[in-house]
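Q:
Chains as they are written, first to last, in the working numbering: chain G, -16 to 204; chain L, 5 to 127.
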C-alpha cells in the first residue's frame, strides 16, 4: 500500500506505525486478513487527516489523540469480531475457542464461557459412556442399590471398578442410544444458549439505548 | 457546590449514552445518499450532529454493521495516492434505517409533548 511521501509524512511515519503496532498487539481473536484490513483503514484515516489540503494539516499527535487509545480501540474491534463469529459458528470446538476469547475481553464473556465448558464437558462424558459400554459392559452403566440405611442410591459408573454388591443395572444396553441422544441434546442446547447470550450482549452494546427508551416511552404516550 | 458538580456529571453521562445510542442511526443515515469512506462519515457526523465522542469508535461500529449485513464496503484508489475504504447501504441496511427513522420520529414527538410545559413555563 503506497502512501504520499511528503516531508511531513516521513517524519510522522514512525509515530504512526508505533500507534498501529500497539493496536495490533492488543487485537485478540481477530484473523490476520481482518486485522490487516482494520489497520489499513486506520492508516488511511490518519494519512488523510495529516495531509488534508483544505484545512491546515493537523499534527500527528492531534490525529492520534482524536482517534482514541489504541488499546481501547483494539478491544472494541476484537469484541465485535469475536461476537459476530461466535454468533455464526456451527462447530462446538470453534464456539468454545471464540467464547474463550470473549472471556478474556469481558466479565459477561467469562460467565458464558464457564457455562459452555460445563455443558460440553457433561455432553462429552455421556458420549464416552456410550462408546465404552460395548468394550467394558460391566464397568459402564447406571446402577441402583440400597445402602446400609436402606435408602435407594443411584450410581453412575464409568471405570473399571466393580459395581456395589446387590446393585442392579437400570439401563443396560439402552445407555448407548440414550447416552448419545442426551449428549447431542446437551451439546446442541449449550451452543444455542451461548449464541443466545452472544446475541443479547451484542444487542445491548449496539444502539440498545434507543430501543430501550422507545419501549419506556410507550407507557407515557 | 459538591451537589452542583455531581449533577453536572450525571448530565454529561446521560448525553454520552444518548449519543452512543444514536450513532448507528446517524451512520446509516449519513450513507443514505451514497457511498462514503470512514473520515467522510465522521465529518458528516461532526458537522451535522456533533455525535462522535472518540473518532476511532466509528470503525469497529462500521465493521459490525458490515457483519450484520447492513452495509457493504469496497477499497477505492484516491487521487491522493492511497486507497480508501468506502461504505454503502445494502438493501437490508436501507430497510433498517427507515425503520429506525420511524422509531426516532415517534420517540422525539412524544418527548417533545412531555417537554412542552417546560418551554411554556419559562416564558
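Note that the Cβ used here is the ideal one computed from N, Cα and C, for glycine as well.
Because the structure is a prediction, the values reported are computed rather than measured.
Any Cβ of chain L within less than 8 Å of the Cβ of residue 51 of chain G?
A: As a working mapping, residue 51 of chain G is identified with position 68 in the first chain. Judged by the 8 Å Cβ criterion, residue 51 of chain G is in contact with chain L.
Q: Name the chain L residues that come within less than 7 Å of residue 30 of chain G, Cβ to Cβ?
A: Numbered from its first residue, the first chain carries residue 30 of chain G at position 47. Within chain L, the residues near residue 30 of chain G are 86.
Q: At the level of alpha carbons, what is the spacing between residue 70 of chain L and residue 25 of chain G?
A: Position 66 of the second chain, counting from 1, holds the residue named residue 70 of chain L. Position 42 of the first chain, counting from 1, holds the residue named residue 25 of chain G. Straight-line Cα distance between these residues: approximately 16 Å.
Q: At a Cβ threshold of 8 Å, is residue 4 of chain L touching chain G?
A: Absent from the model: residue 4 of chain L. The displayed extent of chain L is 5 to 127, so no value can be given.
Q: Between residue 82 of chain G and residue 92 of chain G, is the Cβ-Cβ spacing less than 8 Å?
A: Here residue 82 of chain G refers to the residue found at position 99 when the first chain is read from its first residue. Here residue 92 of chain G refers to the residue found at position 109 when the first chain is read from its first residue. Cβ distance < 8 Å, so residue 82 of chain G and residue 92 of chain G count as in contact.
Q: At what residues does the beta strand (DSSP E) containing residue 87 of chain L begin and finish?
A: Taking the second chain and counting its residues from 1, the one referred to as residue 87 of chain L is at position 83. Run containing residue 87 of chain L: 87 to 93, per the beta strand (DSSP E) assignment.
Q: May I ask you to list the residues that DSSP assigns as paired with residue 1 of chain G?
A: Indexing the first chain from 1 puts residue 1 of chain G at position 18. In the DSSP output, where bridge partners are listed per residue, residue 1 of chain G has none listed.
Q: Return the CA-CA distance between residue 97 of chain L and residue 33 of chain L, expressed in angstroms with no decimal places.
A: Within the second chain, numbered from 1, the residue matching residue 97 of chain L stands at position 93. Within the second chain, numbered from 1, the residue matching residue 33 of chain L stands at position 29. Each residue's alpha carbon lies about 10 Å from the other.
Q: Could you say which of G/102, G/177, G/173, G/62 lies nearest to residue 84 of chain G if we only look at CA atoms?
A: The residue labelled residue 84 of chain G in the question sits at position 101 within the first chain. Considering only alpha carbons, the answer is G/62.
Q: Exposed or buried, which one is residue 17 of chain L when buried takes at least 16 other CB atoms within 10 Å?
A: Here the question's residue 17 of chain L lines up with position 13 in the second chain. By the 10 Å Cβ count, residue 17 of chain L comes out exposed.
Q: Rounded to whole angstroms, what's the CA-CA distance from residue 100 of chain L to residue 88 of chain G? Just pull it up for me.
A: By 1-based counting over the second chain, the position of residue 100 of chain L is 96. By 1-based counting over the first chain, the position of residue 88 of chain G is 105. Distance between the alpha carbons of residue 100 of chain L and residue 88 of chain G: 29 Å.
Q: Between which two residues does the beta strand (DSSP E) harbouring residue 78 of chain L extend?
A: As a working mapping, residue 78 of chain L is identified with position 74 in the second chain. Residue 78 of chain L -> beta strand (DSSP E) spans 75 to 81.
Q: For residue 137 of chain G, write down the residues that DSSP places opposite it in a beta bridge.
A: Here residue 137 of chain G corresponds to residue number 154 of the first chain, with the count starting at 1. Residue 137 of chain G pairs with G/127.
Q: So residue 64 of chain L and residue 27 of chain G are supposed to be a Cβ contact under 8 Å. How far apart are they, rounded?
A: Translated into the one-based positions of the second chain, residue 64 of chain L becomes position 60. Translated into the one-based positions of the first chain, residue 27 of chain G becomes position 44. Between residue 27 of chain G and residue 64 of chain L the Cβ distance is about 16 Å, and since that is not below 8 Å, they are no contact.
Q: Residue 28 of chain G by DSSP, collapsed to three states: which one?
A: Locating residue 28 of chain G in the first chain gives position 45, where the first residue counts as 1. DSSP, reduced to helix, strand and coil, places residue 28 of chain G within a helical segment of the structure shown.
Q: With 8 Å as the threshold, decide whether the Cβ of residue 58 of chain L is near any Cβ in chain G.
A: Taking the first residue of the second chain as position 1, residue 58 of chain L is located at position 54. At least one chain G Cβ lies under 8 Å of residue 58 of chain L.
Q: In three-state terms, what does DSSP make of residue 56 of chain G?
A: Here residue 56 of chain G refers to the residue found at position 73 when the first chain is read from its first residue. Residue 56 of chain G: helix per DSSP, three-state reduction.
Q: Listed from N- to C-terminal order along the chain, which residues in the stretch 60 to 73 of chain L have their beta-carbon within a distance smaller than 7 Å of any beta-carbon of chain G?
A: The residues in question are 60, 61, 63, 64, 67, 68, 71.
Q: Assign residue 85 of chain L to one of two classes, buried (16 or more other C-beta atoms within 10 Å of its C-beta) or exposed (fewer than that).
A: As a working note, residue 85 of chain L is residue 81 in the second chain. Residue 85 of chain L comes out exposed.
Q: If the cut-off is 9 Å on Cβ atoms, which residues from the stretch 61 to 95 of chain G count as contacting chain L, listed in chain order?
A: 61, 62, 63, 64, 66, 67, 68, 70, 71
Q: Can you determine whether any heavy atom of the ligand SAH sits closer than 7 Å to the C-beta of residue 9 of chain G, and answer yes or no?
A: Only the bare structure without any ligand can be found here, which leaves the ligand SAH out of the picture.
Q: Is residue 35 of chain L close to chain G, meaning its C-beta is less than 8 Å from at least one C-beta of that chain?
A: Position 31 of the second chain, counting from 1, holds the residue named residue 35 of chain L. Chain G contact via Cβ: absent.
Q: Once the 5 residues before and after residue 54 of chain G are set aside, which same chain residues still bring their CB inside 6 Å of it?
A: Translated into positions along the first chain, residue 54 of chain G becomes position 71. Closer than 6 Å at Cβ, skipping near neighbours: 9.
Q: Can the beta-carbon of residue 110 of chain G be found less than 8 Å from the beta-carbon of residue 162 of chain G?
A: Looking up residue 110 of chain G in the first chain gives position 127. Looking up residue 162 of chain G in the first chain gives position 179. For residue 110 of chain G and residue 162 of chain G, yes; Cβs fall inside 8 Å.
Q: If you count every other CB in all the chains shown that lies within 10 Å of the CB of residue 123 of chain L, and 16 or more means buried, which is it?
A: Start at 1 with the first residue of the second chain, and residue 123 of chain L comes out as number 119. Residue 123 of chain L is exposed by the Cβ-count criterion.
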